[in-house]
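First comes the structure, then the notes that go with it.
Number of protein chains: 2
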Amino acid sequence: MEYLVTYDVDTTTPEGQRRLRRVAKVCEGYGLRVQKSVFEVTCTDAQMLVMRQKLTDIINRTTDDIRLYRLAAGTLQTVERLGVAELAPHRGDHLL
Amino acid sequence: MEYLVTYDVDTTTPEGQRRLRRVAKVCEGYGLRVQKSVFEVTCTDAQMLVMRQKLTDIINRTTDDIRLYRLAAGTLQTVERLGVAELAPHRGDHLL
Chain A
1398 MEYLVTYDVD TTTPEGQRRL RRVAKVCEGY GLRVQKSVFE VTCTDAQMLV MRQKLTDIIN
1458 RTTDDIRLYR LAAGTLQTVE RLGVAELAPH RGDHLL
Chain B
1398 MEYLVTYDVD TTTPEGQRRL RRVAKVCEGY GLRVQKSVFE VTCTDAQMLV MRQKLTDIIN
1458 RTTDDIRLYR LAAGTLQTVE RLGVAELAPH RGDHLL
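First to last, the protein sequences are chains A and B. The opening position of the first sequence corresponds to residue 1398 in the working numbering, with each subsequent residue numbered one higher. The opening position of the second sequence corresponds to residue 1398 in the working numbering, with each subsequent residue numbered one higher.
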C-alpha cells in the first residue's frame, strides 16, 4: 500500500524535540523523506500496523499530530513538484 | 479534485519567512490547513491551475519545495490521525 505520512510534533520542549527525532527515525525505517515532515511510504498492511504502533507509542497525543493518508496505487508517482530544493531535515533530528 | 498540498519553504532569511506567509495565505484560499505545512484542497481543475501559478510565482525554486498530490476521490475522508493536537500555525504566518 502507498501512504503519505505527515506530522506536526510540538518542539517547544526538549521532550518534544526528542519525540520529533524519534518520529522521524521511525518514518525513515519505512519510507522516503520528501520534506521535513512528510514521508512517502510503500509498505504492507502488516508493516503499517507496526509503524502505526511505534508512532503511537512515541507521540504526545495532546500536543502532536500525525496523519496517515492511504493512497490509491500509483498516486506517489504522479506528485507534482514546484521548486527543486534539496531536502533539509529538521536540525539535529538524526541525533538520537 | 482532491489534493494534498505540502510545502517546505526556506525560512532562514526574512525573504523566506515572507514567502512562507504568502504560500500559506494562497493555500488558505483554496483548502483546509490540517498541519503547519499541509493543506487538504478540494477544487476544480481550473482552480488548481490558478493556485499552482500563484505558488509558482511566490516561491524560490532553488530553496523551496511544494508538492501537489492529486488524490483519488474520497481519500481525504479516510485519513487516520494519531494524536489530536490543535493546529498551531507557523508563528506570524498570517501577518502579511
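Ideal Cβ positions, reconstructed from N, Cα and C, are used throughout, including at glycine. Remember, predicted model here, so these are calculated numbers, not experimental data.
What does residue 1443 of chain B reach in chain A if we use C-beta pairs closer than 7 Å?
-> Position 46 of the second sequence, counted from the start, is the residue given in the question as residue 1443 of chain B. Per Cβ cutoff of 7 Å: no residues; residue 1443 of chain B is ~16 Å from chain A at best.
Inter-residue spacing [alpha-carbon to alpha-carbon] between residue 1480 of chain A and residue 1402 of chain A = For the purposes of this step, residue 1480 of chain A is taken as residue 83 along the first sequence, with counting starting at 1. For the purposes of this step, residue 1402 of chain A is taken as residue 5 along the first sequence, with counting starting at 1. The alpha-carbon of residue 1480 of chain A is positioned some 21 Å away from that of residue 1402 of chain A.
Rounded to a whole number of angstroms, what is the C-alpha to C-alpha distance between residue 1450 of chain B and residue 1415 of chain A?
-> The residue given as residue 1450 of chain B occupies position 53 in the second sequence. The residue given as residue 1415 of chain A occupies position 18 in the first sequence. Roughly 38 Å between the two C-alpha positions.
Please work out which residues of its chain come closer than 7 Å, Cβ to Cβ, to residue 1468 of chain B, disregarding the five sequence neighbours upstream and downstream, and give them in chain order.
-> The residue you call residue 1468 of chain B lines up with position 71 of the second sequence. Annotation for residue 1468 of chain B: 1399, 1400 and 1401 place their beta carbon closer than 7 Å to its own, counting only its chain and skipping 5 residues before and after.
Out of curiosity, what's the CA-to-CA distance linking residue 1443 of chain B and residue 1483 of chain A?
-> As a working mapping, residue 1443 of chain B is identified with position 46 in the second sequence. As a working mapping, residue 1483 of chain A is identified with position 86 in the first sequence. Within the model, the alpha-carbon separation for residue 1443 of chain B versus residue 1483 of chain A is close to 29 Å.
When we look at the beta-carbon of residue 1407 of chain B and count the other beta-carbons within 10 Å, is it buried (16 or more) or exposed?
-> Translated into positions along the second sequence, residue 1407 of chain B becomes position 10. Per the 10 Å Cβ criterion, buried.
Starting from residue 1471 of chain B and walking both ways along the beta strand (DSSP E), at which residues does that stretch end?
-> Against the second sequence, residue 1471 of chain B aligns to sequence position 74. It is not in any beta strand (DSSP E) - residue 1471 of chain B carries neither H nor E in the DSSP assignment.
Do residue 1446 of chain A and residue 1423 of chain A have their C-beta atoms within less than 9 Å of each other?
-> As a first step, residue 1446 of chain A must be located in the first sequence, where it is residue number 49. As a first step, residue 1423 of chain A must be located in the first sequence, where it is residue number 26. No Cβ-Cβ contact shorter than 9 Å links residue 1446 of chain A with residue 1423 of chain A.
What residues of chain B sit near residue 1465 of chain A, judged by a beta carbon separation below 9 Å?
-> Position 68 of the first sequence holds residue 1465 of chain A. What residue 1465 of chain A touches in chain B: 1476, 1477, 1478 and 1479.
Return helix, strand or coil for residue 1399 of chain A, following the three-state DSSP convention.
-> Reading the first sequence from its first residue, position 2 is the one you call residue 1399 of chain A. Correct three-state label for residue 1399 of chain A: strand.
Does residue 1423 of chain A come within less than 9 Å of chain B when only Cβ atoms are used?
-> In the first sequence, counting from the first residue as 1, residue 1423 of chain A sits at position 26. Among the residues facing chain B, residue 1423 of chain A is not included, as its CB has no counterpart in that chain under 9 Å away.
Beta carbon proximity, residue 1410 of chain A to chain B, threshold 9 Å = Counting from 1 along the first sequence, the entry for residue 1410 of chain A is found at position 13. Not an interface residue.
Neighbour flag for residue 1484 of chain A against chain B, beta carbons, 9 Å | As a position in the first sequence, residue 1484 of chain A is number 87, starting the count at 1. Yes, contact with chain B.
Counting only beta-carbon atoms, is residue 1472 of chain A nearer than 9 Å to chain B?
-> Walking along the first sequence from the start, residue 1472 of chain A turns up at place 75. Interface residue, yes.
With 9 Å set as the bound, which would you pick, yes or no: does the beta-carbon of residue 1384 of chain A sit closer than that to a beta-carbon of chain B?
-> Not covered by the structure: residue 1384 of chain A. The range shown for chain A is 1398 to 1493.
Report the partner residues of residue 1432 of chain A according to the DSSP bridge assignment.
-> The residue given as residue 1432 of chain A occupies position 35 in the first sequence. BP columns for residue 1432 of chain A point to A/1435.
Could you tell me which residues DSSP pairs with residue 1454 of chain A in its beta bridges?
-> Working through the first sequence from its first residue, we reach residue 1454 of chain A at position 57. Paired residues: none, contrary to the question.
Residue from A/1409, A/1412, A/1466 and A/1411 whose Cα sits closest to the Cα of residue 1383 of chain A | There is no way to answer for residue 1383 of chain A, as the model of chain A reaches only from 1398 to 1493.
Reference residue 1477 of chain B; option with closest CA among B/1438, B/1464, B/1431 and B/1461 | Numbered from 1 along the second sequence, position 80 holds the residue referred to as residue 1477 of chain B. With distances taken between Cα atoms, residue 1477 of chain B lies closest to B/1431.
Among residues of its own chain, excluding the 5 on either side of residue 1492 of chain B, which ones have a beta-carbon nearer than 6 Å to its beta-carbon?
-> Counted from its first residue, the second sequence places residue 1492 of chain B at position 95. No answer about residue 1492 of chain B holds up, because its pLDDT of 45 lies below 50 and its placement is not dependable.
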